[in-house]
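Each number in the numbering used here corresponds to the 1-based position in the sequence shown with 277 added. Using N, Cα and C, we set each Cβ at its ideal position, and we do this for glycine too. First up is the structure itself, then whatever we jot down about it.
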Amino acid sequence: MGRPHVATTAGDQVPLEQLIGRLTGALKTDIDTVRTTLAELTVEGLIDQDSTTVRVTDLGRLRFGAVRSDIEAAMQQAYADIPAADLDTAGRVLAQVTAQLNAVLAAA
278 MGRPHVATTA
288 GDQVPLEQLI
298 GRLTGALKTD
308 IDTVRTTLAE
318 LTVEGLIDQD
328 STTVRVTDLG
338 RLRFGAVRSD
348 IEAAMQQAYA
358 DIPAADLDTA
368 GRVLAQVTAQ
378 LNAVLAAA
């Protein structure tokens, strides 16, 4: 499993159970997998957590910024030659497919 995105800045705290709920839903995974990944991120010094809250460390914020920058550069190159109208169409189709897949998963 890839590392889940913890949408917060260093110093901001997120309630642990709320974060676990968000990640299990967004990643379509189980609670144990999320807890294991959070433990790994803690060992790596990317987050701090206690029994009720999670916070991104300065190191975690720096790592996230570096990864995000690399991804943005790659995405700009990948989409550079695609007309805006085609990107708009692809975005609408992918949004519809995502909504339908979420409905299928919710019904399962």
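When you compare only the Cα positions, how much space is there between residue 307 and residue 355?
32 Å
Quick check on this structure: which residue in 353, 381, 320 and 380 has the alpha carbon closest to the alpha carbon of residue 337?
320
Have a look at residue 382 and residue 303 and give me their C-alpha separation to the nearest angstrom.
12 Å
Cβ-based neighbour list, residue 313, same chain, cut-off 6 Å, excluding 5 preceding and 5 following:
none
Would you report the Cα separation of residue 362 and residue 296, rounded to the nearest angstrom?
Rounded to whole angstroms, residue 362 to residue 296 spans 36 Å at the Cα level.
Cβ-based burial, residue 309 [other Cβ within 10 Å; buried from 16]
exposed
Residues that DSSP places opposite residue 325 in a beta bridge:
332
The alpha helix (DSSP H) that contains residue 376, what's its start and end?
361-384
On the premise that residue 340 lies in contact with residue 323, defined as a C-beta separation below 8 Å, what is that separation, rounded to the nearest angstrom?
6 Å
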